[in-house]
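I have placed the structure first, in the form of structure tokens, so that the comments after it can refer back to it.
Numbering (the working numbering), first residue to last: 1079 to 1369.
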């Protein structure tokens, strides 16, 4: 089922019909989480793949074979996507701890998660870098609308009318669940600055022992260069008619602050103004330099 031109609207947000149907989205809302489930929640282009790789190495105790032989969308399938039920069957008997990924907002999933006691890992990223990365991903992914110019796309990003909705609503929604869910908040920038320390904090949060050999394997496998060359993580397995890699790489740069090469002074001013309006009073565990 390709449905490359189809857009699904669910709970007020637009989603690519190639990956979502009303049925798959309704299934996600009613999904019975287990207490042992671990859910990676992110807005797109915020470090999802990186966290999938980190947790794969943690749960395999440093064995890189799963990360090198099983696509990340099978190791940590997206709850809301059409193939999730099939992936779930594969996980039922093989995983005591199911690793699940989602881009959905907290307001959709929080009720079920609150009942389940499942653990949530929320990965956030400087929204300026998110906007740049998401723009380039639209050029690559044939199941997303043509982004037009960066200025056009950035306007839609700030309006919250891009696929997957408003970045501001997404992060505020999940942060608003910190007292209600067992949630671990981490930023893309922290992964860059201190992968070892973040892995150690994750292991404590998950109750998953982190032996020196596991940590060494994790640090080696979870570098940007290694992930970029790993076909199980870089999406080169996806057919060209769905993801055209001649237009760029899924794992493009993996850097912090790339927005500075894309934003004009006026775009930066507009972004900072809206960021202050939306986020100024919010107590973030980590703040980004927005200058």
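Yeah, the Cβ is synthetic: ideal placement off N, Cα and C, and Gly gets one too.
Contact set for residue i: own chain, Cβ-Cβ below 6 angstroms, skip 5 residues either direction
{"i": "residue 1163", "result": "none"}
{"i": "residue 1121", "result": "1245, 1248"}
{"i": "residue 1204", "result": "1366"}
{"i": "residue 1133", "result": "1177"}
Reference residue i; option with closest CA among the options
{"i": "residue 1110", "options": "1123, 1143, 1196, 1182", "result": "1196"}
{"i": "residue 1273", "options": "1143, 1206, 1135, 1189", "result": "1135"}
{"i": "residue 1169", "options": "1333, 1087, 1116, 1359", "result": "1116"}
{"i": "residue 1235", "options": "1216, 1252, 1251, 1253", "result": "1216"}
{"i": "residue 1304", "options": "1146, 1262, 1137", "result": "1146"}
{"i": "residue 1211", "options": "1192, 1232, 1194", "result": "1232"}
{"i": "residue 1347", "options": "1282, 1240, 1206, 1254", "result": "1206"}
{"i": "residue 1107", "options": "1165, 1094, 1193, 1281", "result": "1193"}
Closer than 9 angstroms to chain C by CB, residue i
{"i": "residue 1134", "result": "Annotation note: the requested chain C is absent from the structure, which comprises a single protein chain."}
Where residue i falls, given that 16 or more other Cβ within 10 Å makes a residue buried
{"i": "residue 1278", "result": "exposed"}
{"i": "residue 1209", "result": "buried"}
{"i": "residue 1083", "result": "exposed"}
{"i": "residue 1344", "result": "exposed"}
{"i": "residue 1227", "result": "exposed"}
{"i": "residue 1354", "result": "exposed"}
{"i": "residue 1131", "result": "buried"}
{"i": "residue 1295", "result": "buried"}
{"i": "residue 1089", "result": "exposed"}
{"i": "residue 1255", "result": "buried"}
{"i": "residue 1364", "result": "exposed"}
{"i": "residue 1087", "result": "exposed"}
Whole-angstrom C-beta distance between residue j and residue i, which should lie under 8 angstroms
{"i": "residue 1221", "j": "residue 1097", "result": "7 angstroms"}
{"i": "residue 1158", "j": "residue 1180", "result": "6 angstroms"}
Where the beta strand (DSSP E) through residue i begins and ends
{"i": "residue 1233", "result": "Per DSSP, residue 1233 belongs to no beta strand (DSSP E); it is in the alpha helix (DSSP H), 1228-1237."}
{"i": "residue 1208", "result": "It is not in any beta strand (DSSP E) - residue 1208 instead sits in the alpha helix (DSSP H) that spans 1205-1218."}
{"i": "residue 1093", "result": "1091-1094"}
{"i": "residue 1180", "result": "1177-1180"}
{"i": "residue 1117", "result": "1116-1120"}
{"i": "residue 1088", "result": "1085-1088"}
Residue i: first and last residue of the uninterrupted alpha helix (DSSP H) it sits in
{"i": "residue 1157", "result": "Per DSSP, residue 1157 belongs to no alpha helix (DSSP H) and is neither H nor E."}
{"i": "residue 1266", "result": "1266-1271"}
{"i": "residue 1353", "result": "1343-1357"}
{"i": "residue 1132", "result": "1126-1137"}
{"i": "residue 1146", "result": "1143-1147"}
{"i": "residue 1292", "result": "1290-1299"}
{"i": "residue 1198", "result": "Here residue 1198 belongs to no alpha helix (DSSP H); instead the beta strand (DSSP E) covers 1197-1202."}
Contact set for residue i: own chain, Cβ-Cβ below 7 angstroms, skip 5 residues either direction
{"i": "residue 1129", "result": "1118, 1199, 1201"}
{"i": "residue 1276", "result": "1264, 1268, 1269"}
{"i": "residue 1125", "result": "1201, 1203, 1266, 1269"}
{"i": "residue 1184", "result": "1251, 1252, 1254, 1255"}
{"i": "residue 1297", "result": "1273, 1274"}
Check: residue i C-beta below 8 angstroms from any heavy atom of the ligand ZN
{"i": "residue 1254", "result": "Here there are no bound small molecules, and the ligand ZN is not part of this structure."}
Same chain, Cβ closer than 8 angstroms to residue i, five either side skipped, listed in chain order
{"i": "residue 1320", "result": "1080, 1082, 1096, 1219, 1220, 1221"}
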